[in-house]
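Asker:
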Amino acid sequence: MLDQLNAIEHKATAALQAVNNKDDLEQWRVEHLGKKSPLMTILGDLGKLSKEERPAIGKRGNEVKVALEKAYADQVEALRKAELQHSLTAGALDVTLPGRPIVRGRLHPATQTLREIYAIWAEMGFQVYRARDVETDEYNFELLNIPRHHPARDMWDTFYTTTPNVILRTHTSPGQIHAMREYCPQPIRVILPGMCYRYEQISASKEIQFHQVEGLAVGKNIRLTDLLGTVTEFNRRIFGPERQTRFRSSYFPFTEPSVEIDVSCANCNGQGCAVCKHTGWLEIAGAGMVHPTVLRNGGYDPAIYSGFAFGMGPQRITMLKYGISDIRYFWANDLRFLEQF
Ligand code: FA5
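Each residue of the sequence shown is one higher than the one before, counting from 0 in numbering that gives the first Met the number 0.
This is the structure we're talking about:
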């Protein structure tokens, strides 16, 4: 019987050499270690042996069982490794191939300029005050000293909603009234950025929607020279020290006196070119001292308080900075334009 056990071990070990897949391995296990295998039959029948035979046969039988179980476990591990190696080779990646480029989003040029503007005014002590895009006729016109009959309404014509007297704002100036009514009687230093809308003949320099950044300073002893100095400093910071600032007298119903603010043309350095219509200057904002009627409408006594205000067009500022020839590029959503910023 010992010879039989040796032969079982020899045969099983030899058979295992030929096994190279999971199915065959399972079949081998059933054949050589299964309940009905010759080895298990001998071990199961130990009780039928004589007392003398039993210890030696039992010992050897167990040795063979342990050896075959170990060989089986080793083969399971060998097959697992071979399978892993195979899948690594079959699905191998060529890590030296260039990857697919990740398309990076970016901020719209209008947003970039707005953020630059906020940062400069913040450094000068002006905080952002948000006002609404949809306004009433009262705030957009009346409280800004533009009554119904006023001819200035023609150049600020806008889009009307189906609700009477509710319109899309033509400028950020109605925000002045909101800010004053909220802060009165405290001093104010705010900028009011946002979208404005006009019933306008679209051209290279005019859109039906565009951003404005309004500025408002209210307090005691605020003078025109404060406005001129503050705006000149802003221009120096946003356009660089080589650009010049010019103030021309103008008219707005809500400021007195009023000015237009021009910057020397970056394209021709003030010499005159097509961009600046051969004047050497580009207008970037309207401004002035807050009209006494407007101060009063905001709750401030014009005998005690004064203030300055300005309204600038950031799209024009961006055009000046980057030499953009047509304002219509801003909202046309053409990636060839947007990807340049
Ligand atoms: C106003 O809107 C006044 N509310 C500005 C103001 C504020 C004056 C406070 C005094 C005190 P105006 O219509 O000029 O002014 O517009 C101001 C700026 O907005 C212009 O200089 C220009 O940069 C921009 N802007 C006006 N209309 C358009 C348009 N159709 N398309 C693009 N930008 C425009």
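All C-beta atoms, glycine included, are put in the ideal place defined by N, C-alpha and C.
Helix, strand or coil, according to DSSP, for Tyr250 in the structure here?
Answerer: Secondary structure at Tyr250: strand, using DSSP grouped into helix, strand and coil.
Asker: Checking the sheet assignment: what are the DSSP bridge partners for Pro192?
Answerer: DSSP lists Val212 as partners of Pro192.
Asker: Along the beta strand (DSSP E) that carries Ala55, what are the first and last residues, could you check?
Answerer: Here Ala55 belongs to no beta strand (DSSP E); instead the alpha helix (DSSP H) covers Glu52 to Ala89.
Asker: Under 7 angstroms from any heavy atom of ligand 1, does the C-beta of Gly297 make it?
Answerer: no
Asker: Have a look at the DSSP bridge pairing and note the partners of Ala286.
Answerer: Val258 and Phe309
Asker: Closest by CA to Ser263, which one among Ala286, Leu294, Arg235 and Pro100?
Answerer: Arg235
Asker: So what's Gly174 in DSSP terms, helix, strand or just coil?
Answerer: Reduced to three states, the DSSP call for Gly174 is helix.
Asker: Determine which residues share a DSSP beta bridge with Phe12 and list them.
Answerer: According to the sequence shown, residue 12 is Thr rather than Phe. DSSP lists no partner for Thr12.
Asker: Using only the heavy atoms of ligand 1, determine whether one of them is closer than 7 angstroms to the beta carbon of Ala118.
Answerer: no
Asker: Given this structure, state the Cα-to-Cα distance separating Ile176 from Phe238, to the nearest angstrom.
Answerer: Distance from the CA of Ile176 to the CA of Phe238, rounded to the nearest whole angstrom, comes to 30 angstroms.
Asker: From Lys21 to Glu8, what distance separates their C-alpha atoms?
Answerer: Taking the straight line from one Cα to the other gives about 21 angstroms.
Asker: Name the one or two DSSP bridge partners that Gln126 has.
Answerer: BP columns for Gln126 point to Val189.
Asker: Applying the criterion that 16 or more other CB atoms from any shown protein chain within 10 Å of the CB defines a buried residue, is Asn5 buried or exposed?
Answerer: exposed
Asker: One question on the structure: do Glu232 and Arg247 come within less than 8 angstroms of each other, judged by their Cβ atoms?
Answerer: Contact check for Glu232 against Arg247 fails: the beta carbons are separated by 8 angstroms or more.
Asker: Given a threshold of 16 other Cβ atoms within 10 Å of its Cβ, counted over all protein chains shown, does Ala11 qualify as buried or as exposed?
Answerer: buried
Asker: Is any heavy atom of ligand 1 found at a distance shorter than 7 angstroms from the C-beta of Ala203?
Answerer: no
Asker: Three-state secondary structure (DSSP) at Trp280?
Answerer: strand
Asker: Could you tell me how far apart the beta carbons of Gly310 and Gln211 are, in whole angstroms, since I believe they sit closer than 8 angstroms?
Answerer: 5 angstroms
Asker: When the Cα atoms are used, what is the spatial distance from Tyr304 to Val274?
Answerer: Approximately 40 angstroms, taken between the alpha carbons.
Asker: Assuming the contact rule is C-beta atoms closer than 8 angstroms, Tyr196 and Phe158 should be a hit. Round their C-beta distance to whole Å, please.
Answerer: 6 angstroms
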